[in-house]
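Residue numbers (the working numbering): 330 to 550.
Glycine residues also receive a C-beta, built at the ideal position from the N, C-alpha and C atoms.
All figures in this text were calculated on a predicted structure; none of them were measured in a lab.
What follows is the structure in C-alpha coordinates.
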(Lines of atoms letter the chains of each structure in order from A; the text may use other names.)
(Lines give C-alpha, C1' and ligand atoms only; values in the text may rest on other atoms or scores of the structure.)
Protein backbone atom coordinates (compact mmCIF):
# COMPACT_ATOMS: atom_id res chain seq x y z
CA UNK A 330 0.00 0.00 0.00
CA UNK A 331 1.43 3.43 -0.88
CA UNK A 332 2.02 5.80 2.02
CA UNK A 333 1.65 9.59 2.07
CA UNK A 334 3.38 11.79 4.65
CA UNK A 335 1.50 15.00 5.17
CA UNK A 336 0.40 17.46 7.83
CA UNK A 337 -0.73 20.99 8.65
CA UNK A 338 0.73 23.92 10.53
CA UNK A 339 -1.30 23.01 13.62
CA UNK A 340 -1.27 19.22 13.36
CA UNK A 341 1.74 16.90 13.58
CA UNK A 342 2.70 15.00 10.45
CA UNK A 343 1.18 11.59 10.07
CA UNK A 344 1.80 8.53 7.93
CA UNK A 345 -1.38 7.20 6.38
CA UNK A 346 -2.40 4.77 3.69
CA UNK A 347 -3.71 6.78 0.77
CA UNK A 348 -7.48 7.19 1.26
CA UNK A 349 -9.96 6.40 -1.48
CA UNK A 350 -10.67 10.11 -1.69
CA UNK A 351 -8.13 11.93 -3.91
CA UNK A 352 -7.55 14.40 -1.03
CA UNK A 353 -5.06 13.40 1.73
CA UNK A 354 -6.33 13.31 5.30
CA UNK A 355 -4.07 16.23 6.27
CA UNK A 356 -2.41 18.64 3.92
CA UNK A 357 0.49 21.05 4.53
CA UNK A 358 -0.78 24.57 3.91
CA UNK A 359 2.47 25.86 2.38
CA UNK A 360 5.97 24.61 1.54
CA UNK A 361 8.78 25.33 3.94
CA UNK A 362 7.04 25.11 7.31
CA UNK A 363 10.23 24.56 9.30
CA UNK A 364 9.38 22.05 12.03
CA UNK A 365 6.85 20.22 9.90
CA UNK A 366 9.25 19.88 6.98
CA UNK A 367 12.06 18.54 9.12
CA UNK A 368 9.77 16.01 10.81
CA UNK A 369 8.34 14.83 7.51
CA UNK A 370 11.76 14.30 5.96
CA UNK A 371 12.92 12.43 9.06
CA UNK A 372 9.88 10.13 8.93
CA UNK A 373 10.33 9.61 5.18
CA UNK A 374 13.95 8.54 5.48
CA UNK A 375 13.27 6.25 8.42
CA UNK A 376 10.40 4.56 6.60
CA UNK A 377 12.61 3.94 3.56
CA UNK A 378 15.28 2.42 5.81
CA UNK A 379 12.83 -0.13 7.23
CA UNK A 380 11.66 -1.20 3.78
CA UNK A 381 8.55 0.89 3.15
CA UNK A 382 7.64 1.36 -0.52
CA UNK A 383 6.04 4.20 -2.45
CA UNK A 384 6.40 6.71 0.39
CA UNK A 385 5.45 10.19 -0.81
CA UNK A 386 6.17 13.67 0.51
CA UNK A 387 3.60 16.30 -0.43
CA UNK A 388 3.73 20.10 -0.44
CA UNK A 389 7.46 20.35 0.18
CA UNK A 390 9.71 22.86 -1.65
CA UNK A 391 10.10 21.54 -5.17
CA UNK A 392 11.27 24.49 -7.29
CA UNK A 393 13.69 27.40 -7.27
CA UNK A 394 10.74 29.71 -6.70
CA UNK A 395 9.66 27.73 -3.62
CA UNK A 396 13.17 27.91 -2.21
CA UNK A 397 13.47 31.65 -2.84
CA UNK A 398 10.45 32.04 -0.60
CA UNK A 399 11.88 30.20 2.40
CA UNK A 400 13.11 32.04 5.45
CA UNK A 401 16.90 31.93 5.91
CA UNK A 402 16.99 29.14 8.49
CA UNK A 403 14.45 27.10 6.50
CA UNK A 404 16.58 27.42 3.37
CA UNK A 405 19.76 26.43 5.20
CA UNK A 406 18.12 23.38 6.72
CA UNK A 407 16.66 22.37 3.36
CA UNK A 408 20.12 22.47 1.75
CA UNK A 409 21.80 20.53 4.57
CA UNK A 410 19.06 17.92 4.48
CA UNK A 411 19.21 17.71 0.68
CA UNK A 412 22.92 16.88 0.70
CA UNK A 413 22.51 14.67 3.79
CA UNK A 414 25.01 16.92 5.53
CA UNK A 415 25.74 17.83 9.12
CA UNK A 416 24.68 21.18 10.53
CA UNK A 417 27.52 23.36 11.81
CA UNK A 418 27.46 24.56 15.39
CA UNK A 419 27.15 28.25 16.23
CA UNK A 420 30.93 28.72 16.41
CA UNK A 421 31.55 27.18 12.98
CA UNK A 422 28.68 29.16 11.47
CA UNK A 423 30.19 32.39 12.72
CA UNK A 424 33.43 31.45 10.96
CA UNK A 425 31.88 30.96 7.53
CA UNK A 426 30.98 27.26 7.64
CA UNK A 427 27.28 26.37 7.71
CA UNK A 428 27.65 22.61 7.58
CA UNK A 429 29.79 19.67 6.50
CA UNK A 430 29.39 16.81 4.06
CA UNK A 431 28.49 13.55 5.74
CA UNK A 432 31.21 11.09 4.76
CA UNK A 433 34.22 13.32 4.14
CA UNK A 434 33.27 16.10 6.57
CA UNK A 435 34.21 18.83 4.14
CA UNK A 436 32.98 22.38 4.85
CA UNK A 437 29.88 23.78 3.19
CA UNK A 438 28.76 27.40 3.00
CA UNK A 439 25.15 28.20 2.08
CA UNK A 440 24.04 31.49 0.52
CA UNK A 441 20.39 32.29 -0.20
CA UNK A 442 21.58 34.67 -2.91
CA UNK A 443 21.89 35.20 -6.64
CA UNK A 444 25.15 36.14 -8.37
CA UNK A 445 27.40 35.32 -5.40
CA UNK A 446 30.67 37.16 -5.96
CA UNK A 447 34.41 36.81 -5.61
CA UNK A 448 34.55 38.09 -2.02
CA UNK A 449 32.36 35.24 -0.75
CA UNK A 450 34.67 32.65 -2.30
CA UNK A 451 37.75 34.48 -1.06
CA UNK A 452 36.46 34.50 2.53
CA UNK A 453 35.41 30.85 2.33
CA UNK A 454 38.92 29.84 1.31
CA UNK A 455 40.13 30.92 4.74
CA UNK A 456 37.36 28.94 6.41
CA UNK A 457 38.27 25.80 4.46
CA UNK A 458 41.94 26.10 5.42
CA UNK A 459 40.97 26.71 9.05
CA UNK A 460 38.97 23.49 8.91
CA UNK A 461 42.12 21.64 7.82
CA UNK A 462 40.62 20.64 4.46
CA UNK A 463 41.63 21.15 0.83
CA UNK A 464 38.09 21.13 -0.56
CA UNK A 465 34.85 22.89 0.27
CA UNK A 466 31.46 23.65 -1.27
CA UNK A 467 29.53 26.89 -1.69
CA UNK A 468 25.82 26.46 -2.45
CA UNK A 469 23.76 29.37 -3.78
CA UNK A 470 21.13 30.21 -6.39
CA UNK A 471 23.78 31.44 -8.84
CA UNK A 472 27.37 32.67 -9.04
CA UNK A 473 28.89 35.67 -10.75
CA UNK A 474 31.88 35.63 -13.05
CA UNK A 475 34.19 36.74 -10.24
CA UNK A 476 33.25 33.72 -8.12
CA UNK A 477 34.08 31.31 -10.94
CA UNK A 478 37.35 33.09 -11.64
CA UNK A 479 38.40 32.99 -7.99
CA UNK A 480 37.51 29.29 -7.69
CA UNK A 481 39.64 28.58 -10.77
CA UNK A 482 42.53 30.67 -9.48
CA UNK A 483 42.68 29.04 -6.07
CA UNK A 484 42.34 25.56 -7.59
CA UNK A 485 45.75 26.08 -9.18
CA UNK A 486 47.08 26.61 -5.66
CA UNK A 487 45.72 23.27 -4.46
CA UNK A 488 42.44 24.42 -2.89
CA UNK A 489 39.27 23.07 -4.50
CA UNK A 490 36.19 25.26 -4.01
CA UNK A 491 33.18 23.65 -5.68
CA UNK A 492 30.32 25.97 -6.71
CA UNK A 493 26.92 24.27 -6.59
CA UNK A 494 23.63 25.91 -7.48
CA UNK A 495 20.22 25.22 -6.00
CA UNK A 496 19.15 24.05 -9.46
CA UNK A 497 21.91 21.43 -9.26
CA UNK A 498 20.39 20.10 -6.04
CA UNK A 499 16.97 19.95 -7.67
CA UNK A 500 17.89 18.64 -11.13
CA UNK A 501 21.10 16.60 -10.85
CA UNK A 502 21.32 15.43 -7.27
CA UNK A 503 23.01 12.15 -8.26
CA UNK A 504 25.95 14.08 -9.73
CA UNK A 505 26.17 16.30 -6.65
CA UNK A 506 26.28 13.16 -4.48
CA UNK A 507 29.32 12.00 -6.43
CA UNK A 508 30.95 15.44 -6.04
CA UNK A 509 30.44 15.34 -2.29
CA UNK A 510 31.56 11.75 -1.84
CA UNK A 511 28.14 10.41 -0.83
CA UNK A 512 28.24 7.86 -3.65
CA UNK A 513 30.61 6.84 -6.42
CA UNK A 514 30.03 6.93 -10.19
CA UNK A 515 29.80 3.11 -10.13
CA UNK A 516 27.28 3.20 -7.28
CA UNK A 517 29.57 1.41 -4.80
CA UNK A 518 28.44 3.59 -1.90
CA UNK A 519 24.80 3.83 -0.78
CA UNK A 520 22.45 6.31 -2.40
CA UNK A 521 21.06 9.35 -0.61
CA UNK A 522 17.79 7.70 0.43
CA UNK A 523 19.48 4.98 2.50
CA UNK A 524 22.40 6.88 4.00
CA UNK A 525 22.72 6.87 7.80
CA UNK A 526 20.94 9.72 9.54
CA UNK A 527 23.37 12.59 10.21
CA UNK A 528 24.28 13.27 13.80
CA UNK A 529 22.85 16.43 15.33
CA UNK A 530 25.55 18.71 16.65
CA UNK A 531 24.71 19.72 20.22
CA UNK A 532 26.03 23.21 19.43
CA UNK A 533 23.61 23.81 16.56
CA UNK A 534 21.16 26.67 16.89
CA UNK A 535 18.04 25.91 18.90
CA UNK A 536 14.54 26.18 17.43
CA UNK A 537 13.92 29.34 19.47
CA UNK A 538 17.10 30.96 18.12
CA UNK A 539 16.13 30.10 14.57
CA UNK A 540 12.67 31.58 14.99
CA UNK A 541 14.13 34.79 16.44
CA UNK A 542 16.58 34.97 13.54
CA UNK A 543 13.77 34.65 11.02
CA UNK A 544 11.87 37.51 12.63
CA UNK A 545 14.80 39.90 12.61
CA UNK A 546 16.49 39.20 9.27
CA UNK A 547 15.63 38.62 5.66
CA UNK A 548 17.40 36.37 3.14
CA UNK A 549 21.16 36.89 3.13
CA UNK A 550 22.43 38.68 0.05
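- Query: By the 10 Å Cβ neighbour count, where 16 or more other Cβ atoms means buried, how is residue 486 classified, buried or exposed?
  - Reply: Residue 486 is classed as exposed because its beta carbon has fewer than 16 other beta carbons within 10 Å across all chains shown.
- Item | Opening and closing residue of the beta strand (DSSP E) in which residue 493 lies | First-last of the beta strand (DSSP E) with residue 493: 489-494.
- Task: Please go through the same chain and pick out, in chain order, the residues whose beta-carbon is closer than 7 Å to the beta-carbon of residue 480, but skip the five residues on each side of it.
- Result: Counting only Cβ-Cβ distances below 7 Å, and skipping sequence neighbours, we find 450, 490 and 492.
- Item | Close beta carbons around residue 460, own chain, < 6 Å, minus the five adjacent residues each side | Around residue 460: 436.
- Task: Can you tell me the Cβ-Cβ gap for residue 439 and residue 405, rounded? I've got them flagged as a contact below 8 Å.
- Result: Sure, about 5 Å apart at Cβ, within 8 Å.
- Note down the Cα distance separating residue 496 from residue 379, rounded to an integer number of angstroms. Computed Cα separation, rounded: 30 Å.
- Is residue 414 near residue 428, with beta carbons less than 8 Å apart? Result yes, Cβ atoms of residue 414 and residue 428 sit closer than 8 Å.
- Item | Helix, strand or coil at residue 390 according to DSSP, with G and I counted as helix | Of the three classes helix, strand and coil, the one that applies to residue 390 here is coil, per DSSP.
- Query: For residue 454, which residues of its own chain have a beta-carbon under 7 Å away from its beta-carbon, when the five flanking residues on both sides are left out?
  - Reply: Hits under 7 Å: 483, 488 and 490.
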